[in-house]
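**Student:** Residue numbers (my numbering), protein chains in the order written: chain V, -7 to 284; chain Z, 2 to 360.
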């Protein structure tokens, strides 16, 4: 029973991490329907930028955090401006391969500068943030993650439902040509959505870095773990990303604990194929109906 | 007079009178002759004058080109994006290795059999294309890549897991094929046959159905093309090419492990298709050549850079440079010439032809 509880808590924690890293991915998809294979590398860039600011530049944590977010916001603009804007309306494969190429570039760049080593941030979260429920102790990082993800969930939910920009983004994702003809400034929407998504990605990169340490290979492999998570939750649902993340996290830890540790890494993808066959739009995704 | 007409260069307009002429592979006899000259040079000169290292690179290009042609049929002609081609390549390699070691089957049978086994595996992973298309299908093939990789590593009793398998040298009529030169003939004869097959399949009803599905799947279905069957067929053909190439590679490398058949390899194949030119069979060969040469060049460059004083004294590791340049190449090709090298080649040829009046 204790083993079960331990796995349960671990699974939820891992799942939350997946969920939070999937949020930026969903943001990009929701607003520009681009499948971002460079997501893991964006996470890594955020984590390394933060690392550089607090260890090399010796800035206080809050300042470094804000600067990282600003840096990532600008990075999102740059990526959109130079790489994705020329591809508006292009074939899917070019968009996918462009993000794959970007992923390779970013990874190479990070490896050139920092190498493949594991770095850790100095401790800065207050001990009082840790929660204790009976025998189960939740580390401060996890409660911080929970708080951050709830805040983002509410903020983005409101943003996409209520604000004009959010509605523009959804319209662009749904049908670029129709949105353009109705007077939506598609380029501005793209730029903004990439900037916001890069910001979210960097922030989740920092959170992941606090928990697991900062390592390019780990972070970029999480970028691929995001796929089962978002397909399960629905490609365009931010809440679905969190729930999908938790389900995938639980699935992984339970298979790792009860079946075999080697199956752990591949189980999400097996589930992914099944979901795609049975319910391709996931639990909370918008169903596109097409009848031929 | 007849001979003069037959040996014409490019006509200055479209003078086709029959549909058959549209289907000609070579637009002029000049192209046909230059292809024959090129092939003669390739087979009768290249293997005897090139150094073993050069032959090794040529052989690698040949093997990789076969797989790239297969992927081009799937991506370039049928419009289905597969991120599992590297894994299919691995399936072919393992199928050949197992057939050769367990059952003692000769290479002339093991290689095509490996292709067919891979085609079946590819069709299984193509089944999601019945319901999915576009990016959902891409994600499904990504899952396929990871699942096949897992099976290759974990199915110990069959694949010997991480230990790898060592193949016997291929033998025919008591003559052992070993060394780069012998393999050169084996690989390039296969490449020529596979290219011939691919070019021709595109000209048949199957190829036209593939193109129809790529251009508009709904219209294709409306015109009575059973799209699911043709998509599966396309997956099958493309995996056959991958498996065939994988089997050749397994024989050429003598011993294989599961390591190389990862997502990176799949990405490399898609890069070849894009850089070479989508929907263009020679393009796949150009792309394979380009990426293989780029890899070799970068290995060479990073090797030099490692020994430059400044780099070593700063403790920089130059190996990731390869990854960076690879990504940059993909990005630049997509942004600047999305139709790839085949289009560049066409532009160069036609600018020679039209010189000095280019309009």
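Don't be surprised by glycine CBs; every beta carbon is placed ideally from N, CA and C.
For residue 321 of chain Z, count neighbouring C-beta atoms within 10 Å of its own C-beta (all shown protein chains included) and say buried if the count is 16 or more, exposed if not.
**Tutor:** The residue in question, residue 321 of chain Z, is buried, as its Cβ has 16 or more Cβ neighbours within 10 Å.
**Student:** Which residue or residues does DSSP assign as beta-bridge partners of residue 1 of chain Z?
**Tutor:** The structure shown does not extend to residue 1 of chain Z, since chain Z spans only 2 to 360, so no value can be given for it.
**Student:** Does any CB atom of chain V fall closer than 7 Å to the CB of residue 327 of chain Z?
**Tutor:** Answer yes: the Cβ-Cβ gap between residue 327 of chain Z and chain V drops below 7 Å somewhere.
**Student:** Quick one: any contact between the stretch 186 to 194 of chain V and the stretch 9 to 24 of chain V, if contact means 3 or more CB pairs under 8 Å?
**Tutor:** Counting Cβ pairs under 8 Å, three or more are found: they touch.
**Student:** Determine the closest residue to residue 36 of chain V out of V/242, V/196, V/254 and V/244, with distance taken between C-alpha atoms.
**Tutor:** Measuring from the Cα of residue 36 of chain V, the nearest candidate turns out to be V/196.
**Student:** If you drop the 5 nearest sequence neighbours on each side, which residues of the same chain put their C-beta closer than 6 Å to that of residue 184 of chain Z?
**Tutor:** Answer for residue 184 of chain Z: 60 and 253, listed in chain order.
**Student:** Within a Cβ cutoff of 8 Å, which residues of the same chain sit near residue 174 of chain V, ignoring the five residues on either side of it in sequence?
**Tutor:** If we look at residue 174 of chain V and ignore the five residues flanking it on each side, its Cβ neighbours are 163.
**Student:** Take every Cβ of the stretch 116 to 127 of chain Z, pair it with every Cβ of the stretch 207 to 226 of chain Z, and state whether three or more of those distances are shorter than 8 Å.
**Tutor:** Judged by Cβ distances under 8 Å, the stretch 116 to 127 of chain Z makes no contact with the stretch 207 to 226 of chain Z, as fewer than three pairs qualify.
**Student:** Figure out for me which residue from V/-6, V/-7 and V/1 has the closest Cα to the Cα of residue 245 of chain V.
**Tutor:** Ranking the options by Cα distance to residue 245 of chain V, first place goes to V/1.
**Student:** Assuming residue 79 of chain V and residue 70 of chain V form a contact by the criterion Cβ under 8 Å, report the distance between their Cβ atoms to the nearest whole angstrom.
**Tutor:** With a Cβ gap of about 15 Å, residue 79 of chain V and residue 70 of chain V do not count as contacting.
**Student:** Can you list, in chain order, the residues of its chain with a C-beta nearer than 7 Å to that of residue 344 of chain Z? Leave out the 5 residues immediately preceding and following it.
**Tutor:** Hits under 7 Å: 278 and 338.
**Student:** List, in chain order, every chain Z residue whose beta-carbon is nearer than 8 Å to that of residue 75 of chain V.
**Tutor:** Simply 332 and 336.
**Student:** Starting from residue 297 of chain Z, follow its DSSP beta bridges and name the residues at the other end.
**Tutor:** The partner list for residue 297 of chain Z (beta bridge, DSSP) is empty, contrary to what the question assumes.
**Student:** Quick one: what's residue 206 of chain V bridged to in DSSP?
**Tutor:** DSSP output for residue 206 of chain V lists V/111 as bridge partner(s).
**Student:** Determine the burial state of residue 146 of chain Z: buried for a count of at least 16 other Cβ atoms within 10 Å of its Cβ, exposed for fewer.
**Tutor:** Answer is buried; the Cβ neighbour count reaches 16.
**Student:** With burial defined as no fewer than 16 other Cβ atoms inside 10 Å of the residue's Cβ, what is the status of residue 55 of chain V: buried or exposed?
**Tutor:** It counts as exposed.
**Student:** Quickly, what does DSSP pair residue 173 of chain Z with across the bridge? List them, please.
**Tutor:** Paired residues: Z/176.
**Student:** For chain Z, check one thing: does any of its Cβ atoms lie closer than 7 Å to the Cβ of residue 19 of chain V?
**Tutor:** Taking Cβ atoms only, chain Z never reaches closer than 7 Å to residue 19 of chain V, which makes this a no.
**Student:** Pull out every residue of the stretch 119 to 147 of chain Z whose Cβ sits closer than 7 Å to any Cβ of chain V, in chain order.
**Tutor:** So the list reads 129, 132, 133, 135, 136, 137, 139, 140, 141, 143, 144 and 147, given in the order they occur along the chain.
**Student:** Going by DSSP, what residue range makes up the alpha helix (DSSP H) through residue 20 of chain Z?
**Tutor:** 20 to 23 is the span of the alpha helix (DSSP H), which, as asked, contains residue 20 of chain Z.
**Student:** Return the Cβ separation of residue 178 of chain V and residue 161 of chain V in integer angstroms, given the expectation that the two are a contact with Cβ distance under 8 Å.
**Tutor:** That belief does not hold up - the Cβ atoms of residue 178 of chain V and residue 161 of chain V are roughly 10 Å apart, past 8 Å.
**Student:** Residue 205 of chain Z: which of Z/78, Z/261 and Z/246 sits nearest, CA to CA?
**Tutor:** Answer by Cα proximity: Z/78.
**Student:** Is it the case that the stretch 243 to 258 of chain Z contacts the stretch 185 to 192 of chain Z, given that we only count it when at least three CB pairs across the two stretches are under 8 Å?
**Tutor:** These segments touch.
**Student:** Would you identify the three-state DSSP class for residue 269 of chain V, choosing helix, strand or coil?
**Tutor:** DSSP places residue 269 of chain V in helix when its eight states are reduced to three.
**Student:** Consult DSSP for residue 39 of chain Z and reduce its assignment to one of helix, strand or coil.
**Tutor:** The answer is helix: DSSP assigns residue 39 of chain Z an H, G or I state.
**Student:** What does the alpha-carbon distance come out to for the pair residue 142 of chain V and residue 204 of chain V?
**Tutor:** Rounded to the nearest angstrom, the two C-alpha atoms are 21 Å apart.
**Student:** What are the residues in the stretch 9 to 40 of chain Z lying within 9 Å of chain V by C-beta distance?
**Tutor:** Listed by position along the chain: nothing, the set is empty.
**Student:** Along the alpha helix (DSSP H) that carries residue 338 of chain Z, what are the first and last residues, could you check?
**Tutor:** First-last for residue 338 of chain Z: undefined, no H or E at that position.
**Student:** Taking 7 Å as the CB-CB limit, is residue 5 of chain Z close to chain V?
**Tutor:** Low confidence applies here, because residue 5 of chain Z scores a pLDDT of 46, under 50, leaving its location unreliable; read the following figure in that light. Cβ-Cβ to chain V under 7 Å: no for residue 5 of chain Z.
**Student:** Between the stretch 194 to 201 of chain Z and the stretch 167 to 180 of chain Z, are three or more C-beta pairs nearer than 8 Å?
**Tutor:** Short answer: they don't touch.
**Student:** At the level of alpha carbons, what is the spacing between residue 244 of chain Z and residue 151 of chain Z?
**Tutor:** Looking at the two C-alpha atoms, the distance is approximately 18 Å.
**Student:** Given a cut-off of 7 Å on the beta-carbon distance, is the pair residue 232 of chain Z and residue 130 of chain Z in contact?
**Tutor:** Contact flag set, yes.
**Student:** Give the secondary structure of residue 244 of chain V by DSSP, where H, G and I count as helix, E and B as strand, and everything else as coil.
**Tutor:** It is helical.
**Student:** Just checking: is the beta-carbon of residue 219 of chain V within a distance shorter than 7 Å of some beta-carbon in chain Z?
**Tutor:** Yes, residue 219 of chain V lies at the interface with chain Z (some Cβ there is under 7 Å from its Cβ).
**Student:** The alpha helix (DSSP H) spanning residue 96 of chain V covers which residue range?
**Tutor:** Looking at the DSSP string, the run of the alpha helix (DSSP H) that includes residue 96 of chain V is 84 to 106.
**Student:** Could I get the ranges of all uninterrupted beta strand (DSSP E) runs contained in the stretch 14 to 41 of chain V, with 3 residues as the minimum, in chain order?
**Tutor:** Fully enclosed beta strand (DSSP E) runs of 3 or longer: not present.
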